[in-house]
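Take the sequence shown: its letters are residues 78 to 437, numbered as in my numbering. Glycine residues also receive a C-beta, built at the ideal position from the N, C-alpha and C atoms. None of the values given here were measured: they were computed from a predicted structure. Everything on this sheet refers to the single structure shown next.
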Amino acid sequence: MRKEIYFNRRNFLRTVGLTLAAAKFGMIGYTSAQASEIDARTTTMNKSQTNTSFDTLKQIDAGVLNIGYAEAGPGEGPVVILLHGWPYDIHSFVDVAPLLASAGYRVIVPYLRGYGTTRFLSDATFRNGQPSALAVDAIAFMDALHIEKAILAGYDWGARTADIVAALWPERVEALVSVSGYLIGNQEAGKMPLPPQAELQWWYQFYFATERGQEGYGRYRHDFAKLIWQIASPQWNFDDATFDRSAAAFDNPDHVSIVIHNYRWRLGLADGDPEYDDLEKRLAQSPVITVPTITLEGDSNGAPHLDSSAYAKKFSGNYVYHLIEGGIGHNLPQEAPQAFADAVIEADHMSRHSHPMAPV
Numbered sequence: 078m079r080k081e082i083y084f085n086r087r088n089f090l091r092t093v094g095l096t097l098a099a100a101k102f103g104m105i106g107y108t109s110a111q112a113s114e115i116d117a118r119t120t121t122m123n124k125s126q127t128n129t130s131f132d133t134l135k136q137i138d139a140g141v142l143n144i145g146y147a148e149a150g151p152g153e154g155p156v157v158i159l160l161h162g163w164p165y166d167i168h169s170f171v172d173v174a175p176l177l178a179s180a181g182y183r184v185i186v187p188y189l190r191g192y193g194t195t196r197f198l199s200d201a202t203f204r205n206g207q208p209s210a211l212a213v214d215a216i217a218f219m220d221a222l223h224i225e226k227a228i229l230a231g232y233d234w235g236a237r238t239a240d241i242v243a244a245l246w247p248e249r250v251e252a253l254v255s256v257s258g259y260l261i262g263n264q265e266a267g268k269m270p271l272p273p274q275a276e277l278q279w280w281y282q283f284y285f286a287t288e289r290g291q292e293g294y295g296r297y298r299h300d301f302a303k304l305i306w307q308i309a310s311p312q313w314n315f316d317d318a319t320f321d322r323s324a325a326a327f328d329n330p331d332h333v334s335i336v337i338h339n340y341r342w343r344l345g346l347a348d349g350d351p352e353y354d355d356l357e358k359r360l361a362q363s364p365v366i367t368v369p370t371i372t373l374e375g376d377s378n379g380a381p382h383l384d385s386s387a388y389a390k391k392f393s394g395n396y397v398y399h400l401i402e403g404g405i406g407h408n409l410p411q412e413a414p415q416a417f418a419d420a421v422i423e424a425d426h427m428s429r430h431s432h433p434m435a436p437v
């Protein structure tokens, strides 16, 4: 039976804080009231740009890729894999990772295919951006690191990837944190026209459908990404150094090909790899996600997104939704790192306790 539970974050933070003890979880309370609204402005740690970089990057062969990734926290801690979106990179989690590491988690932040130091192992491999391919990358990455099960958390492309892994391989997912909720789609749905106002929000997708768009993104990808940042997070006053740090990831030699193919595939304008046909057939059924899940939304998200009520029933296990207030946009983990880290710890707690506990 589905249990929809709403966590009392104030009691949680007041009682245990974001410490190693929190990772071990003492007496933490649930309420069954409305989905919570959390004001990021009241938490000083939500100020982004606190940490400038990850200490070191590692590389590992996984599937068709050599994946670049950052890692923090104790090697024996519960594993959290943080997945970034477009047009962003691993630095979306540069302030989240130390918060989770200090709470005892092993935090792993990979570059997706087409970003940063991640490279294809073979020049002959199809530069495929379809969502199921990114999910297979995540499984291959876990296998390469000998990680049987992990908490997955992400936004944008990263949330979609985490959603797919949770739907198709729930045995590999301890818990899920997904910004903007259920993002699993399919080509047939993508072919359906939307009302004009909704289509307007996807303007870049139609631009990418043209040869002009492919050439334009290749030539102006940094300018393009900065524009998306501004539109998607209208109240986030990021500086040039913050943007430039992430924009370097878009100089990956496969970046443009992956991005263009991803958006063309969604519209049915580009073929996928037949290797993933069976997975796509399963995803076309909009599978329910059964693992414990927290979905988040920023109150100033300028990117296309659904209201939480539209997807709540797609999560059949323990489920919580939080609206993060304070002018928080699409890049939620970078704009509100404390709230995102709290959600990961909360999701971990949900996975350990299948029944609601009495409020403290």
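Beta-carbon contacts of residue i that lie in its chain and below 7 Å, excluding the five residues immediately before and after
i	result
S323	Y165, D166, H168
H299	A324, F327
N263	E357, L360, A361
Beta-carbon proximity of residue i to residue j, cut-off 8 Å
i	j	result
L160	G206	no
D376	E402	yes
P369	A244	no
I337	Q307	no
G406	A309	yes
S77	T372	Because the chain here runs from 78 to 437, residue 77 falls outside it and cannot be looked at.
Q227	E251	Checking the displayed sequence, the identity of residue 227 turns out to be Ala instead of Gln. Yes, these two residues count as a Cβ contact at 8 Å.
L211	L229	no
F197	V256	no
L253	A239	yes
N339	G193	no
Q312	G404	yes
K391	Y281	no
Reference residue i; option with closest CA among the options
i	options	result
P187	L134, K358, A347	L134
A266	G162, K358, Y294, Q312	K358
D321	V336, K303, K391, D331	K303
G181	A418, S428, M427	A418
T129	G145, P151, V171, F218	V171
E352	A139, R196, V213, P175	V213
T195	V184, I144, R237	I144
I421	G162, P151, L177, I137	It is worth fixing the name first, because residue 421 is Val in this sequence and not Ile. That would be L177, whose Cα lies nearest to the Cα of V421.
L344	N329, A286, R183	A286
A387	Q307, I261, I308, R341	I261
D132	L222, G140, Y146, V141	Y146
R296	P273, P311, V333	V333
N408	N378, A389, N395, L271	N378
R249	F218, G258, Y259	F218
Per-residue burial, residue i [other beta carbons within 10 Å of its own, 16 or more giving buried]
i	result
A318	exposed
S199	exposed
Y398	buried
M104	Residue confidence for M104 is low, a pLDDT of 27 falling below 50, so the modelled location carries little weight and cannot support an answer.
E374	buried
P414	buried
E288	exposed
E412	buried
G231	buried
F283	exposed
D138	exposed
S428	buried
D233	buried
N314	exposed
M269	exposed
P273	exposed
S416	At residue 416 the sequence reads Ala, which differs from the Ser that was named. So A416 counts as buried.
E153	exposed
8 Å CB neighbourhood of residue i in its chain, flanking five on each side removed
i	result
P381	A275, Q278, W279
S209	I241, G349, Y353, L356, E357, L360
Residues bridged to residue i (per DSSP)
i	result
P187	Y146
Q411	Answer is none; Q411 lacks a bridge partner.
A227	V250
K135	Y146
R196	N143
V374	Per the sequence shown, residue 374 should be read as Glu rather than Val. Answer is L400, bridged to E374.
I366	F392
I158	I185, L229
V336	Bridge partners of V336: none, in fact.
6 Å Cβ shell around residue i - same chain, five flanking residues per side excluded
i	result
F301	Y294
D331	G191, R204
V184	A149, G150, V157, A174, L177, A178
Q136	N143, G145
Check: residue i C-beta below 7 Å from any heavy atom of the ligand HEM
i	result
T370	What this structure holds is no ligand at all, so the ligand HEM is not there to describe.
CB contact check: residue i to chain D, cutoff 8 Å
i	result
V397	Chain labels in this structure do not include chain D; a single protein chain is all it has.
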